[in-house]
Amino acid sequence: MAEQAYKILVVGPSWVGDMVMAQSLFITLKQQHPDCLIDVLAPAWSLPLLERMPEVHKGLTMPLGHGQFDLRGRIRIGRELQNQHYDQAIVLPNSWKSAVIPFFAHIPKRTGFLGELRRGLLNDVRTLDKTVLTMTVQRFVALGLPKEAPQPPTYPVPKLAITIEQQLSVCKKFEITGADLIEIPHPSALLEGSAELRPVVSKILALCPGAEYGPAKRWPSEHYAAVARQMEEQGWQVWLFGSDKDKAVAEQINDLSGGICRNFAGITSLADAVDLLSLADAVVSNDSGLMHVAAALDKKLIAVYGSSDPGFTPPLHPEAKILDLNLDCSPCFKRECPLGHTRCLTEIRPEQVMAALEA
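Residue numbering for the sequence shown is 748 to 1106, as defined by my numbering.
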């Protein structure tokens, strides 16, 4: 009888960027257990993202919303998962409630960092030393390694896998045709997922001006517009991306740039946005989930940082260019600038971004 594969349930994070960084953990687990099956319990919005991670066997919808306690619901979900016979659970959030489901699923090894008095729920408890594990991705990866592994761990970079079929489908959905961009590579390029659609006439710059956390992470609209105008003058197409919450700022950028942008903000699902971003040649982004997506798509990336710390959650790509003024008042990690000037962002000039794009 064939030996059953080692089955792992990962309780995933609730933010796009964190879910992208979690792929580094999934890759690490595959390195540790090449034949393991990795299921990820995560919000429904993240399932298309997980589908583009080859290491993930299955994404499981977490029906309870972020911040929703519902102890009875968590116990019920855990009991429903008992028949999956997982060998290990890895709990990425540090909350007490996030460890309830693996406990009631009777998963024999339950790994996570000590926090919120959850020692009884976890039995492979790790102590988080934030002075050693200074990056989010290091903390995720450390949970996939033995306790005695050297710290901080080295981490593989996320790499989302997009197929030609997914690119064709999203082009058809948004009526991107003909000279706009489509060119299908020679069949010999269809090896190891390396093929992709490329522009025929012009290159594509993707602008990601949103930031879920707040305005202290948003580079000014007029700066984005200035970059859009200059790149359009050089023959580039400019596409705007963002969630429904980013529609207003995207429309403002398009207005300031003279209506030259293709605005996808608020009209795409996360899957659509990922597949469209895979067509871009370069990306300019705030510190946001789409920044991490662009890095995992191996794009030329210019990441603009304001109130957040590029040392804690940097784009995980060795060639990403980070623009950060490193002012005395930053990073403050505030949603809005407590000093009222947001100099950490306004003083990063469009010329600096243009220089980085042209480098």
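We treat Cβ as the ideally placed atom computed from N, Cα and C, and that holds for glycine. These numbers were taken from a predicted model, which means no experiment stands behind them.
Taking residue i as part of the alpha helix (DSSP H), name the residues at either end of that continuous run.
i	result
T881	No alpha helix (DSSP H) contains T881, which DSSP labels as neither H nor E.
D765	763-779
C1084	Run containing C1084: none; DSSP gives neither H nor E here.
R865	Per DSSP, R865 belongs to no alpha helix (DSSP H) and is neither H nor E.
Q914	911-920
L1092	1090-1093
A995	994-1003
D1019	1017-1024
L818	818-827
Look at the alpha carbon of residue i and the alpha carbon of residue j, and state the distance between them as a whole number of angstroms.
i	j	result
N1073	C1091	7 Å
K894	R873	7 Å
R914	K805	Checking the sequence shown, residue 914 turns out to be Gln, not Arg. About 22 Å.
T1070	G820	In the sequence under discussion, the amino acid at residue 1070 is Leu, which differs from the Thr named in the question. Answer to the nearest angstrom: the Cα atoms are 44 Å apart.
S1077	Y1052	10 Å
E1094	A973	14 Å
A789	P781	23 Å
G759	T1089	32 Å
P899	Q885	6 Å
P956	L987	8 Å
F850	G859	12 Å
S761	N841	12 Å
Q751	L1026	39 Å
G940	L907	Because the pLDDT of G940 is 48, which lies under 50, any placement of that residue in the model is unreliable, and the question is left without a value.
Y902	H1039	15 Å
Q999	I854	50 Å
I909	R826	35 Å
A889	A1029	31 Å
A896	R1082	36 Å
If you drop the 5 nearest sequence neighbours on each side, which residues of the same chain put their C-beta closer than 8 Å to that of residue i?
i	result
I1007	A975, R976, E979, V985, N1001
D1019	V917, K920, F921, F1011
P1017	Sequence check: residue 1017 is Leu here, not Pro. For L1017, where only same-chain residues beyond five positions count, the Cβ hits under 8 Å are V763, W792, S793, P795, L796.
By alpha-carbon positions, which one of the options ends up nearest to residue i?
i	options	result
G1108	I951, G1005, A997	There is no way to answer for residue 1108, as the model of the chain reaches only from 748 to 1106.
P1065	I1049, S1055, D1056, P849	I1049
N870	M882, T883, K856, G862	K856
P905	V847, R1096, P1061, Q831	P1061
L807	I824, L818, E863, D817	I824
D817	V838, P1057, G957, A846	A846
A997	E969, V1021, M800, D1022	E969
G989	G1005, Q1099, R1009	R1009
E1098	P897, V888, Y971	Y971
K994	G1013, A1067, A1102, E863	G1013
I785	A836, D1028, L1063	A836
D1022	A953, A1102, G867	A953
A1102	L839, K1047, D1075	K1047
At which residues does the beta strand (DSSP E) containing residue i begin and terminate?
i	result
A852	Counting along the chain, A852 falls outside any beta strand (DSSP E), and DSSP gives it neither H nor E.
N1033	1029-1033
A836	835-838
R730	Any property of residue 730 remains undetermined from this structure, which presents the chain solely from 748 to 1106.
V787	784-789
Less than 6 Å between C-beta atoms, sequence neighbours within five positions excluded: which residues of the same chain meet that for residue i?
i	result
L938	With a pLDDT of 43 at L938, under the threshold of 50, the modelled position of this residue cannot be trusted; read the value that follows with caution. Closer than 6 Å at Cβ, skipping near neighbours: no residue.
R828	In the sequence on display, residue 828 carries Leu and not Arg. Within the same chain, L828 has close Cβ partners A852.
L861	V872, T874
D834	Y753, K754
W966	N1033, V1051, L1092
G891	L772, T775, L776
V787	V757, G759, L797, V803, G806
R865	W843, A846
P1057	I1069, D1071
CB-CB under 7 Å to residue i, same chain, minus the five flanking residues each way: which ones, in chain order?
i	result
K777	C783, E802
S1055	K964, D1034, P1078, F1080
H832	K754
L1003	S968, E969, A972
Answer yes or no: the CB of residue i versus the heavy atoms of the ligand MN, is any distance below 7 Å?
i	result
Q913	With respect to the ligand MN, the structure offers nothing, as it holds no ligand at all.
At least 3 beta-carbon pairs within less than 8 Å: the region 874-883 vs the region 791-799:
no
Can you find at least 3 beta carbon pairs, one from the region 1035-1044 and one from the region 756-771, that sit closer than 8 Å?
yes
Between the region 1016-1034 and the region 810-820, can you find at least three pairs of beta-carbon atoms closer than 8 Å?
no
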